[in-house]
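Data first, discussion second: the structure below is written as structure tokens.
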Amino acid sequence: MIARILMTFLALAAFAWQGPPLEAQVREFSKPKLLVILVIDQFRSDQLARFESRFLPARDRSGKVGGFRYLLDQGAYFPLAEYGNLQNMTGPGHATILSGAYAYQHGISTNEWANGETGELEYCVSDKKSPLVGGVSGTDERNGISPKNFQVTTVGDELKNSGYPSRVYTVALKDRAAVLLGGHRADLALWYDPKQSAWMSSRFYLPEGVLPPWVKDLNGHIAKRGEESLLWEASQETSGHSLKTNENLLLKHGAEVLQANFPHKTLVKSAQASLLPFGTEITIDAALRMLQEYQLGKGRAPDILAVSLSNHDFVSHAYGPNSPEVEEITVTEDRQIARLLQSVDERVGLDQAVIVLTADHGAPNQPEYLQASRVPAGRIDEVALKDQGETFLRKKYGKPEAGNWLLHVSELNFYLNHKAIRTAKLDLNEVQQSLADYYRQGDKLSESISYV
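Remember, this note's numbering sits 6 above the position in the sequence shown when you count from 1.
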């Protein structure tokens, strides 16, 4: 849409002496009625090219639109686009997509971080003042959810801040994906609790603490299917660009919650069900109900429907981006996105909508796969690195009065004990710099890599 507008302005500037005045021509453009933001978690751009042979046609003989192929044929395609976040993961990626800001601006640098004063881990969208509605997460740090830590605004926020009566609705299996796409003024962010097998939200969006009737209806349907067996089998059709099996991969480092190879079996009520195509299907089911219940795209201003398909990330973490499972879940996504686009076409008209497809981040190949392919690779032992850093700091500054100098390490982020540093009357910046210099000396990183 942006490219189209820019090209139009360039053309008008070049031929300004032809036709009506520029201002009159610009007025002819109508605002889109609906913005549909599709995010696939951990979706690498090469997967569009690798699996294209298995995608639905852009339009079938009856005129119904497809999924990925329709978007590729009808839209602007930027396969080399990337975000400049230092750590690309779900929280920072989703925070960037509709804010246009990077982590140093929006404040969501990682999915979770340690408090330098208390040592406690803080989840990126945790907020104890916004209790959960409709489910129980089972973890203390997630007993409340909101965009409290998100320090910027989104497109939806700015539409509303500008006085437009736009509606903003988001849905994802992951709470952080739904919350950060919605920003501060979303009408509803919905996410899935795999332990309860139910959709849920928080009092930030639902102050009265009650789920909308249509969400209860969705949850009722899922509950009725609780004992139903889910069977995920590999298709006989393949692209030829994925591994045939996962036999050569060690899955102990991934989310090994299903069988190592196809077929995969579980129950609807199982916490593992969301890894299967079931997870994609129920997400699109919820998005379609949002579209229907709130009559999105039929108001006086552009509405936003943001949908993140989280289970692509679950599958890729468990089996790796070259696995047959990732190919099969991508084909599922193609079909489910087609369902959504067809509904948008029928209810609003695709010519009245702007569709955006993107990812929050990509993924490297599994070290085990690289090693099997004779590429040097391994896994970094963060605990060993933390222990090395603690030993260095104790030699340099002595033993802290209480606890350790290093409180926590996660994703190569090292969290120092601010209280201990303050008690020892040390300068925090100086301690940080000395630790960074230590890790740069020699080859500390290589020493901590485990070659399996």
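Glycine included, each C-beta is placed from N, C-alpha and C at the ideal position. Since this is a predicted model, take the numbers as computed values, not measurements.
As assigned by DSSP and simplified to three states, the class of residue i
{"i": "ARG173", "result": "coil"}
{"i": "ARG385", "result": "strand"}
{"i": "SER440", "result": "helix"}
{"i": "HIS414", "result": "strand"}
{"i": "LEU256", "result": "The predicted model places LEU256 with a pLDDT of 49, which falls under 50 and marks its position as unreliable, so this point remains unresolved."}
{"i": "TYR403", "result": "helix"}
{"i": "GLN53", "result": "helix"}
{"i": "TYR155", "result": "Before going further, note that residue 155 is Asn rather than Tyr in the sequence given. It is coil, neither helix nor strand."}
{"i": "THR244", "result": "coil"}
{"i": "ASP433", "result": "coil"}
{"i": "MET95", "result": "coil"}
{"i": "LEU264", "result": "coil"}
{"i": "PRO137", "result": "strand"}
{"i": "VAL71", "result": "strand"}
{"i": "ASN121", "result": "coil"}
{"i": "SER276", "result": "coil"}
{"i": "ASN419", "result": "strand"}
{"i": "ILE103", "result": "helix"}
{"i": "SER168", "result": "coil"}
{"i": "HIS367", "result": "coil"}
{"i": "VAL45", "result": "strand"}
Candidates the options, of which the one nearest residue i by Cα
{"i": "TYR211", "options": "GLU374, LYS39, SER241, VAL185", "result": "VAL185"}
{"i": "LYS135", "options": "GLU123, SER152, GLY122, GLU128", "result": "SER152"}
{"i": "GLN301", "options": "VAL350, ALA324, HIS247", "result": "VAL350"}
{"i": "THR159", "options": "GLN202, ILE114, LEU179", "result": "ILE114"}
{"i": "GLU333", "options": "VAL42, GLN202, LYS37, ARG50", "result": "ARG50"}
{"i": "ALA107", "options": "ALA279, ASP47, GLY90, ALA312", "result": "GLY90"}
{"i": "GLU123", "options": "ASP443, LEU441, LYS425", "result": "LYS425"}
{"i": "ASP47", "options": "LEU418, HIS318, ARG191", "result": "HIS318"}
{"i": "ILE343", "options": "PRO330, GLU352, PRO370, VAL313", "result": "VAL313"}
{"i": "PHE57", "options": "GLU331, MET296, VAL354, ALA365", "result": "GLU331"}
{"i": "GLU177", "options": "GLY162, LEU196, GLU164", "result": "The question names Glu, but residue 177 in the sequence shown is Val. Closest by alpha carbon: LEU196."}
{"i": "GLU374", "options": "ARG353, TYR325, ALA390", "result": "TYR325"}
Close-in-space but distant-in-sequence residues of the same chain around residue i (CB under 7 Å, 5 per side omitted)
{"i": "SER235", "result": "LYS271, LEU273"}
{"i": "ARG182", "result": "THR96, GLY97, HIS100, ASN117, CYS130, VAL131"}
{"i": "THR397", "result": "none"}
{"i": "GLU465", "result": "The chain is shown from 7 up to 458; residue 465 falls before or after that span and cannot be answered."}
{"i": "MET296", "result": "TYR175, VAL177, LEU302, LEU311"}
Cβ neighbours of residue i in the same chain (closer than 6 Å, five flanking residues each side left out)
{"i": "LEU363", "result": "LEU44, LEU77"}
{"i": "TYR444", "result": "PHE398"}
{"i": "LEU282", "result": "LEU236, TRP238"}
{"i": "THR251", "result": "ASN267"}
{"i": "ILE427", "result": "LEU434, VAL437"}
{"i": "ILE361", "result": "VAL42"}
{"i": "ALA261", "result": "With a pLDDT of only 45 at ALA261, under 50, the local geometry of the prediction cannot be trusted, and the value read off the model is given with reservation. Closer than 6 Å at Cβ, skipping near neighbours: HIS323, ALA324."}
Cβ-Cβ separation, residue j to residue i (assumed contact under 8 Å), whole Å
{"i": "ASN328", "j": "SER248", "result": "6 Å"}
{"i": "GLY189", "j": "LEU315", "result": "About 20 Å; that fails the 8 Å criterion."}
{"i": "SER1", "j": "LYS180", "result": "With the chain covering only 7 through 458, there is no way to say anything about residue 1."}
{"i": "ALA109", "j": "LEU92", "result": "7 Å"}
{"i": "ALA229", "j": "SER245", "result": "Incorrect: roughly 36 Å between the Cβ atoms, too far for contact."}
Sequence-distant residues of its chain with Cβ nearer than 8 Å to residue i (five each side left out)
{"i": "LEU217", "result": "VAL139, GLY140, TRP205, MET206, SER207, ASN225"}
{"i": "ALA430", "result": "TYR403, GLY404, PRO406, GLU407"}
- Item | Complete beta strand (DSSP E) runs within the region 312 to 364 (minimum length 3 residues, chain order) | List check, beta strand (DSSP E) in window: 359 to 364.
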